[in-house]
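Engineer:
Numbering (our numbering), first residue to last: 4 to 326.
1) List the DSSP bridge partners of residue 235.
2) Need the endpoints of the beta strand (DSSP E) that residue 196 sits in, please.
3) Would you tell me roughly how many angstroms separate the C-alpha atoms of residue 77 and residue 170, rounded to the nearest one?
4) Decide if residue 65 is buried, meaning its Cβ has at least 16 other Cβ atoms within 10 Å, or exposed.
5) At what residue ranges does the stretch 126-176 contain a whole run of the alpha helix (DSSP H), taking only runs of 4 or more?
6) Considering only the alpha carbon of each residue, which of 196, 136 and 40 lies closest to residue 79?
7) With residue 32 as the anchor, note down where its beta strand (DSSP E) starts and where it stops.
8) Specify the secondary structure class of residue 108 as computed by DSSP and reduced to three states.
9) Fully enclosed by the stretch 61-98, which beta strand (DSSP E) runs are 3 residues long or longer?
10) Just checking, does the stretch 176-195 make contact with the stretch 155-164 on the three C-beta pairs under 8 Å criterion?
11) Skipping 5 residues on each side, what residues in its chain have a beta carbon closer than 7 Å to that of residue 62?
12) Flag this pair as touching only if the stretch 191-198 and the stretch 132-151 have three or more C-beta atom pairs under 8 Å; answer yes or no.
13) Under 8 Å between the Cβ atoms of residue 167 and residue 115?
14) Between the C-alpha atoms of residue 209 and residue 199, what's the straight-line distance to the nearest angstrom?
15) In its own chain, which residues sit with a C-beta less than 8 Å from the C-beta of residue 83, not counting the 5 before and 5 after it?
16) In the structure shown, what three-state DSSP assignment does residue 118 receive?
17) By DSSP's criteria, residue 206 is part of a beta bridge. Which residues make up the other side?
18) Would you decide whether residue 356 is buried or exposed? Buried here means 16 or more other CB atoms lie within 10 Å of its CB.
19) Excluding the 5 residues flanking residue 86 on each side, which residues of the same chain have their C-beta closer than 6 Å to its C-beta?
20) Could you give the DSSP three-state label for residue 45: helix, strand or coil?
21) Out of 220, 113, 28 and 236, which one is the CA nearest neighbour of residue 94?
22) In terms of alpha-carbon separation, which member of 38, 57 and 102 lies closest to residue 190?
23) Could you compute how far the alpha carbon of residue 32 sits from the alpha carbon of residue 131?
24) In angstroms with no decimal places, state the Cα-to-Cα distance between residue 102 and residue 185.
25) Per DSSP, what are the beta-bridge partners of residue 56 in this structure?
26) Just to confirm my understanding: we take residue 212, look at its own chain, exclude 5 residues before and 5 after, and list those with CB closer than 6 Å. What are they?
27) Just to confirm my understanding: we take residue 135, look at its own chain, exclude 5 residues before and 5 after, and list those with CB closer than 7 Å. What are they?
28) For residue 244, does the three-state DSSP call read helix, strand or coil?
29) Pick out whichever of 50, 69 and 90 has its Cα sitting closest to the Cα of residue 34.
30) Are the CB atoms of residue 54 and residue 26 within a distance shorter than 8 Å?
31) DSSP puts residue 37 in a beta bridge; with which residues?
As structure tokens, this is what we get:
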């Protein structure tokens, strides 16, 4: 038992050392076969574009630092129901870029919100999630590292046509064994970015929305998580995954305030190894509300390691895949 504790501490220390050169950012979007690079559909980056957001109650969690006070050069066209590709990088989009350090294991998530909302209020609905696959012992971060940073995501086919914010996020868990509220130097690291897309086709669905910030607390299951303990599953944090054809009405869905009640009943399990798997039903996943704190960014030294893109198995249980 003592040996396991020592090994866990060593692993956490190594992860902390690696974290100074292992961040990531959304670099490209490919929509209906057209690739859009940096500075087109993606909202402008902050000065330190690959730094994480640490405080889940900060408005920086919405679209990263400055992301809600800026706009993309273009709102790029895409068909409802089509498969898009989002692409992350650490430093740049060269073949040798390491995407994100292997120590930064964690889930990938994608959300949408009406562009006219600018991401404010109960407007965000989750369209993709991929956490931990116990059968392969692979995290979504493993998959995007193997695929050159690329992740395929299918847009809901039934959402209303119109302009949307597309929010991508990686949550790195290498320091998530400690509650950020207890020790702001540690805690989960969030890597959000927002693009602007114009959806054509589709139907008349308006999925239930949730507020960002507001979907995570520092001790929510999946946010407070010990990578260095034994686990065989992972509870993906945030609101339920929206599945096309399963629009929630006001009578049978949870608002952001109701999510808080769901979360509070789950917090006792937050510091334990995961109790649920990667799959989440569109009406059953738990989400959380924030706990006020001061946003904090960490320093970085950019030293990429080589990792050429390779093909990757399809992610299971979600409407998308890593490629």
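Using N, Cα and C, we set each Cβ at its ideal position, and we do this for glycine too.
Structural biologist: By the coordinates alone:
1) None; residue 235 has no bridge partner.
2) 192-203
3) 15 Å
4) buried
5) 143-149
6) 40
7) 28-34
8) coil
9) 79-82 and 86-92
10) no
11) 71 and 216
12) no
13) yes
14) 18 Å
15) 158, 159, 160, 161, 162, 164, 202, 203, 204, 205 and 206
16) helix
17) 163
18) For residue 356 there is no data in the structure shown, the boundaries of the chain being 4 and 326.
19) 155 and 157
20) strand
21) 28
22) 57
23) 15 Å
24) 29 Å
25) 193
26) 125, 126, 127 and 128
27) 142, 236, 237 and 281
28) strand
29) 90
30) yes
31) 34
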